[in-house]
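See structure below.
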Amino acid sequence: MPSADSVFDYVVVGAGPAGCLLANRLSADPTCRVLLLEAGGRDNYPWIHVPVGYLYCIGNPRTDWCFKTEAQAGLGGRSLGYPRGKVLGGCSSINGMIYMRGQAADYERWAEQGNVGWAWNDVLPLFKASENHFAGSTDHHGAAGEWRVEQQRYSWPILDAFRDGAEQSGIAKVDDFNTGDNQGCGYFQVNQRSGVRWNASKAFLRPIVKRPNVTILTGVQVDQVLLNNVRATAVKAHWQGAWHEFKARREIILCAGSVGSPGILQRSGIGPRKLLEGLGIGVRHDLPGVGGNLQDHLQLRLIYQIRNTRTLNQMANSLWGKMGMGLRYLYDRSGPLAMAPSQLGAFVRSDPEQTSANLQYHVQPLSLERFGEPLHRFPAFTASVCNLRPLSRGRIDIRSADMHAAPLIDPNYLSDPQDLKVAADAIRLTRRIVQAPALAAFEPVEYLPGPELQSEQALHEAASKIGTTIFHPVGTCRMGSGPLDVVDNQLRVHGVPGLRVADASIMPQIVSGNTCSPTLMIAEKAAQLILKGAATQTHLSDASAIPTP
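Quick note on my numbering: the sequence shown kicks off at 1270 and runs consecutively.
This is how it looks when you write it as structure tokens:
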């Protein structure tokens, strides 16, 4: 355990997907001392590892920070739960386990904005480096990494029918969403190993726990980064009932996510001057973009009651059904308990003018009013559809200098008129798919939002009533070189040497898909940049020690 005067080469804050990978990569050099700090606890809660257990992890203070958004005008004044992982592995311990990279065009846009080194051909090798794909090594996939990707182990007739209905509606069937163009309909590949959740802690921390040069601490809440003049040299944190300063010789890397990283910066006096002065925090470095540019995928959860088949609703509401699911999972790690929450996906354009798929479906053989509540007692499925490239922007800011105070989260959903148009188009498209001949045998009836809602205005109101987060907040420490950007293309915080951010908060624009694996890619890139920089500094230091003839 570290002593009061311990000094590390690297201090990594946050053991979510990015922090776990970074601790692994940086500690591969036995001459480097690495400290990984996690505010949550160990990932030893059984429901983390059973795939369907996400239902018992989201909204559970043992595994989730249980944040809430501000009341959202675009959602009829509703406040949403905003799950974030509070455990080793971070959100990879409570998410839907979907392996998704986004589209090649996403990364091309990042590079076109001046972020050299982040184009698709630059990041594809990074995705492959950490990947352990069931199909082996190919042009698109890697097999030698730690991040296990497998096919799903259970299927439902209603999902097969939805896929057929999508094909009848002009959405082609595809087998792999991760080749750069994800348009089509197919089954998600998932981060599981033999029917068990494969989180970032298992993938990247377990193999290194015996390395003498890495220290992993849980229950450590980081308050702020400490600066010596302008350079980041340590973090101030509360651990085991006392305050500590953990010092870094080389760098501090924030991997606390789109909620946590801007909060730490702001409490450190790095952020918008007006906000900091209003909270009585001394301004160490005026960086107005910290906390801004918040983007998230808002899902519209359309629910359809069906007949002539079973869904998870009946099984979960039956004692015999629960027993059967449990026994099957114990026997061969398959059955409904092994399923990802969303098994079937589709990527499609909301209108022909879109340059690529701008809608994503997560189709589930279950339904419920909201997360944390019981499943409905009637058979049903949910076709959840989100706008992949929303134009609405929000903010995440601290409320006070007290690190225990909940953050102010304002996603500003549906504030842009174009997002309302895409939402209405998405509802119409979903109805068209469900009305396809392939689903006729199941006699689907729209439960939410309701078939009587038909006009453009009515569909806008429907979106505001059924819209909810799909848990993909990004962008609050945006990468770029503009006045509102927080880090450069090397992920170094502008104006603060010795400090980087490497998590989903650096995304200039949200990717066209789930965000967990792109976050790992960001960390892989950060590790390469950090190690390259360290090698360069060592080389220069060695060269300077050579006597001049």
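All residues carry an ideal CB built from backbone N, CA and C; glycine is no exception. Being a predicted model, the structure only gives us computed values, none of them experimental.
Pull up the CB-CB distance for residue i and residue j, whole angstroms please, since I reckon it's below 8 Å.
i, j, result
"I1575", "N1468", "Incorrect: roughly 33 Å between the Cβ atoms, too far for contact."
"C1655", "I1735", "At roughly 12 Å, the Cβ-Cβ gap does not stay under 8 Å, so C1655 and I1735 are not in contact."
"L1635", "T1699", "Incorrect: roughly 17 Å between the Cβ atoms, too far for contact."
"R1664", "D1679", "5 Å"
"D1694", "S1619", "4 Å"
"G1285", "C1360", "6 Å"
"W1387", "A1373", "Contact doesn't hold; Cβ gap of about 12 Å is too wide."
"N1783", "I1327", "About 15 Å separates the two Cβ atoms, so there is no contact after all."
"F1396", "R1417", "Wrong, their Cβ atoms sit about 14 Å apart, outside the cutoff."
In chain order, what residues of the same chain lie with their CB nearer than 8 Å to the CB of residue i, ignoring the 5 residues before and after it?
i, result
"A1430", "A1707, L1708, A1710 and F1711"
"Q1778", "D1375, R1378, W1379, Q1564, R1658 and G1744"
"L1717", "R1570, L1571, I1572 and I1735"
"S1348", "K1337, T1338, E1339, A1340 and Q1341"
"S1810", "In this predicted model, S1810 has a pLDDT of only 44, less than 50, meaning its place in the structure is not dependable; the value taken from the coordinates is given anyway. So no residue of the chain qualifies."
"P1330", "K1355"
Using CA atoms only, rank isn't needed, just tell me which of the options is closest to residue i.
i, options, result
"L1496", "S1399, I1521, T1487 and G1383", "I1521"
"F1457", "Q1633, N1577 and L1305", "Q1633"
"G1558", "G1532, L1569 and G1549", "G1532"
"S1774", "D1278, V1276, Y1279 and G1283", "G1283"
"R1602", "P1320, L1305, S1438 and Y1630", "P1320"
"A1511", "Q1490, R1518, T1502 and G1526", "Q1490"
"A1670", "L1567, I1550, F1650 and G1782", "I1550"
"H1763", "R1294, P1394, A1412 and G1540", "G1540"
"L1544", "T1332, G1561 and G1529", "G1561"
"A1441", "A1796, A1626, R1302 and Y1423", "A1626"
"D1450", "I1427, R1480 and H1409", "H1409"
"L1683", "E1721, R1697, A1732 and A1652", "A1732"
"A1796", "G1529, L1677, V1770 and P1621", "V1770"
"K1505", "T1484, R1475, R1536 and R1519", "R1536"
"G1529", "P1676, R1668 and I1477", "P1676"
"D1445", "V1465, Q1420, L1428 and A1727", "Q1420"
"T1624", "S1781, N1447, V1418 and V1276", "S1781"
"K1801", "S1587, G1538 and Q1759", "Q1759"
Rounded to whole angstroms, what's the CA-CA distance from residue i to residue j? Just pull it up for me.
i, j, result
"E1638", "L1644", "8 Å"
"A1398", "Y1323", "27 Å"
"D1391", "C1746", "21 Å"
"Y1351", "C1335", "6 Å"
"R1646", "Q1583", "6 Å"
"V1714", "A1607", "28 Å"
"L1689", "L1486", "44 Å"
"S1611", "G1345", "27 Å"
"Y1325", "V1499", "44 Å"
"A1692", "F1640", "21 Å"
"G1434", "R1701", "9 Å"
"S1813", "T1300", "Only weak support exists for where S1813 lies, its pLDDT of 42 falling under 50; the value from the coordinates is given anyway. Each residue's Cα considered, the two are about 21 Å apart."
"M1594", "Y1600", "10 Å"
"C1524", "V1281", "7 Å"
"H1741", "E1793", "19 Å"
"A1705", "R1462", "35 Å"
"N1460", "E1546", "44 Å"
"G1614", "G1455", "6 Å"
"G1365", "A1404", "21 Å"
"W1425", "H1631", "14 Å"
"S1275", "G1343", "49 Å"
"K1591", "R1597", "10 Å"
"E1730", "M1672", "37 Å"
"R1480", "Q1509", "23 Å"
Please list, in chain order, all residues of the same chain as residue i whose beta carbon is under 7 Å from its beta carbon, the five residues on each side excluded.
i, result
"G1749", "Q1382, G1383, N1384 and P1777"
"D1213", "As shown, the chain starts at 1270 and ends at 1818. That puts residue 1213 outside it, with no answer to give."
"T1788", "P1286, A1287, D1772 and A1773"
"N1482", "S1296, P1299, C1301, R1302 and V1303"
"P1605", "V1321, Y1423, L1581, M1584 and M1594"
"A1503", "L1495, E1514, F1515, K1516 and A1517"
Which residues bound the beta strand (DSSP E) around residue i?
i, result
"N1497", "Q1490 to N1497"
"N1656", "A1649 to N1656"
"V1459", "From DSSP, V1459 is part of no beta strand (DSSP E); its letter is neither H nor E."
"I1228", "Any answer about residue 1228 is impossible in this case: the structure gives the chain only from 1270 up to 1818."
"Y1323", "That residue, Y1323, is in no beta strand (DSSP E); its alpha helix (DSSP H) goes Y1323 to C1326."
Could you spell out where the alpha helix (DSSP H) holding residue i opens and where it closes?
i, result
"W1387", "Run containing W1387: none; DSSP gives neither H nor E here."
"R1378", "A1373 to E1381"
"E1730", "E1725 to I1735"
"E1546", "R1542 to G1547"
"K1591", "L1588 to D1601"
"K1690", "P1686 to V1703"
"A1292", "P1286 to L1295"
"L1581", "L1581 to A1585"
Who are the near neighbours of residue i in its chain, counting only those whose CB is closer than 6 Å to its CB and skipping five residues on each side?
i, result
"F1473", "C1289, L1290, N1293 and E1415"
"L1628", "V1617, S1619, V1654 and A1695"
"A1674", "R1668"
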